[in-house]
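What follows is a single structure, written as structure tokens, with notes after it.
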Amino acid sequence: MVFAPTGSFVSDSPKRLIALVDCNNFYVSCERVFDPRLRNRPVVVLSNNDGCAVSRSQEAKDLGIKMGAPWFELRHFERSHGLVARSSNYALYGLLSNRVMSILRDMAPGQEVYSIDESFLEMTGIADPLALGREMRARVLQWTHIPVCVGMASTKTRAKLANHIAKKSLKCQGTFNLESLTPEQEDRLLGKIEVGQVWGVGRRISDKLSRMGILTVRDLKRCDPDAIQDRFSVVLARTVSELQGIACLSLEEVAPPKKQIMVSRSFGELITTEEELREAVVHYVTRASEKLRQEGLMAQTLMVFAHSNPYREEDTQYRGARVIPLVTPTQDTRKLIAAALTGLSEIYVAGILYKKAGVMLTDLVGQDIQQEDLFAVSDSEGSKRLMQVLDTINKHHGRGTIAMAASGLNEQRWRMRTDLKSPAYLSQWKELRIAKG
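Just so we're aligned: the sequence shown equals residues 1 to 437 in my numbering.
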């Protein structure tokens, strides 16, 4: 026997066990952390430009509000049921996510951060995994006020399924180990769950499976992976194998390097002038450059694009894009802006009502691994230090404290609408909560 980091005893020849910890209604839960008035009330968090519901409290779900429902169709719930809406506050959600993931990292031998609100944890050999799962839930809730559920199983796909059961079953109290069931108990349980609840089985695949008579998770689990691969894909075949307890997906404790970085937004208002379009693109390049440096990468190619609103059929429709190869790999915001503006000048068409623009950085390489060019100058040490100073100031004093003048200093009509956004509780001194006696 050996001693686990969390204090649980671990056996010498353990059976593989993976946990998926998922934050409940994450964006809404983050909003409730600093505004207790939102608790026990129907709440939705809206997508960019306050368009659609992308996170719903349980109370909002009970009203029949669907994921992706347009905000203008939900406004009547404000008066009738006290519905509260919030604009997306991604900086707040990211910081709270980091806190949750840090807590979980200290409670398990291995971790893969799967998304902003989900984390796979290595649980193999833990003597009492259910007790540890309950401890995780209690600690995260006490330290961050974010509720989570914990699902455990022998593979990632089964762990996802176990997490779904932990959320939906009141008996589980937020923690469930699928491997604790007998084969007969598991069959009965999986026979009650629709096949669309399986990780990676979207609506189109679910509809096709239903036409084949595969209606439940149990039905899919009983399929032959080779037959599924012939009819669908190797990905779904692996899903079937994982449901059968055959691990096909490993725990990635170190995230693979990004292959591309894209920043794009829909504008708060339709814009027509090249100046406004340039300001928006400079802003997006600045953000993409920050992400590039955070990952320790450099870009060799940049793509800039802009297009009209495809849903306004009365407008002239236009989609423009230009790929700009860079002479040498770079992470310098100034060089990337220069390349983006060169491409933008080539695709801009006067008279178009532009709805969206963006940039994509591709052909990414490590900042310490690059091919030098005899006739071109790579990022100098001075350039790297300047970018480091820029990032440090913006990190400590808030994003945009120092910005490129080309991103505009005036009205900036292209910025997203965030009329219902909560304060930056964790990233702006002037917006911190003040305790009064």
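Ideal Cβ placement from N, Cα and C applies to all residues, glycine included.
Reduced DSSP secondary structure (H/G/I, E/B, other) of residue i
i, result
"Val349", "coil"
"Ala339", "helix"
"Thr330", "strand"
"Asn40", "coil"
"Ile103", "helix"
"Phe77", "helix"
"Glu295", "coil"
"Gly212", "Strictly speaking, residue 212 in this sequence is Met, with Gly absent from that position. Looking at Met212 - three-state DSSP - the assignment turns out to be coil, as it is neither helix nor strand."
"Val389", "helix"
"Leu251", "coil"
"Arg417", "coil"
"Asp22", "strand"
"Val14", "The sequence given here has Pro at residue 14, not Val. If DSSP states are grouped into helix, strand and coil, Pro14 belongs with coil."
"Phe3", "With a pLDDT of 33 at Phe3, under the threshold of 50, the modelled position of that residue is not reliable, and the figure given next carries that caveat. In this structure, Phe3 counts as strand in the three-state DSSP scheme."
"Ile271", "strand"
"Gln412", "coil"
"His164", "helix"
"Val198", "coil"
"His307", "strand"
"Arg433", "coil"
"Ile228", "helix"
"Arg158", "helix"
"Phe9", "Only weak support exists for where Phe9 lies, its pLDDT of 45 falling under 50; the value from the coordinates is given anyway. Correct three-state label for Phe9: strand."
"Gln185", "helix"
C-beta contact flag for residue i and residue j at 8 Å
i, j, result
"Ser264", "Gly358", "yes"
"Gly95", "Leu426", "Note that residue 95 corresponds to Leu in the displayed sequence, not to Gly. Yes."
"Arg86", "Leu46", "yes"
"Pro42", "Ala69", "no"
"Glu279", "Gln412", "yes"
"Cys30", "Leu74", "no"
"Pro14", "Gly125", "yes"
"His81", "Leu63", "yes"
"Thr353", "Leu270", "The residue asked about is misnamed: residue 353 is Leu in this sequence, not Thr. Yes."
"Lys160", "Leu190", "no"
"Gln229", "Leu361", "no"
"Val281", "Leu341", "yes"
"Pro225", "Val240", "yes"
"Met67", "Leu104", "no"
"Gly351", "Thr272", "yes"
"Gly213", "Arg415", "no"
"Ser422", "Asn89", "yes"
"Lys249", "Ile205", "In the sequence as presented, Lys is not what sits at residue 249; that position holds Leu. Cβ distance not < 8 Å, so Leu249 and Ile205 don't count as in contact."
Close-in-space but distant-in-sequence residues of the same chain around residue i (CB under 7 Å, 5 per side omitted)
i, result
"Asp117", "Asp22, Cys23, Phe26, Ser97"
"Leu251", "Ile18, Gly110, Glu112, Phe120, Glu122"
"Leu38", "Glu31, Arg32, Val84"
"Leu326", "Ala299, Gln300, Thr301, Leu302, Ala339"
"Asp391", "Glu290, Arg293"
Cβ-based neighbour list, residue i, same chain, cut-off 6 Å, excluding 5 preceding and 5 following
i, result
"Trp429", "none"
"Gln331", "Leu292, Arg293, Met298"
"Ala435", "none"
"Asn309", "Lys355"
"Val44", "Ala53, Arg56, Ala60, Ala85"
"Ala406", "Val282"
Rounded Cβ spacing between residue i and residue j (contact assumed at less than 8 Å)
i, j, result
"Cys157", "Val198", "At residue 157 the sequence reads Thr, which differs from the Cys that was named. At roughly 7 Å, the Cβ-Cβ gap stays under 8 Å, so Thr157 and Val198 are in contact."
"Arg319", "Met303", "Arg319 to Met303, Cβ: 13 Å. No contact."
"Tyr348", "Glu275", "10 Å between Cβ atoms; not a contact."
"Lys258", "Glu295", "6 Å"
Nonlocal neighbours in the same chain, by C-beta distance under 8 Å from residue i, ignoring five residues either side
i, result
"Asp440", "Given a span of 1 to 437 for the chain in the structure shown, any question on residue 440 remains unanswerable."
"Val148", "Val21, Asp22, Cys23, Asn24, Val100, Met136, Arg137, Val140, Leu141, Gly174"
"Thr316", "Ser308, Gly351, Ile352, Leu353"
"Ser245", "Looking at the sequence itself, residue 245 is Gly, so the reference to Ser does not match. These residues qualify, in order along the chain: Ser154, Thr155, Arg158."
Answer yes if the segment 272-285 comes into contact with the segment 327-345, meaning at least three C-beta pairs across the two stretches below 8 Å, and no otherwise. yes
Does the segment 209-226 come close enough to the segment 182-195 that 3 or more CB-CB pairs lie under 8 Å? yes
Meets three-Cβ-pair contact criterion under 8 Å: the segment 146-162 and the segment 50-57: Segment contact: the segment 146-162 against the segment 50-57, fewer than three CB-CB distances shorter than 8 Å; contact not assigned.
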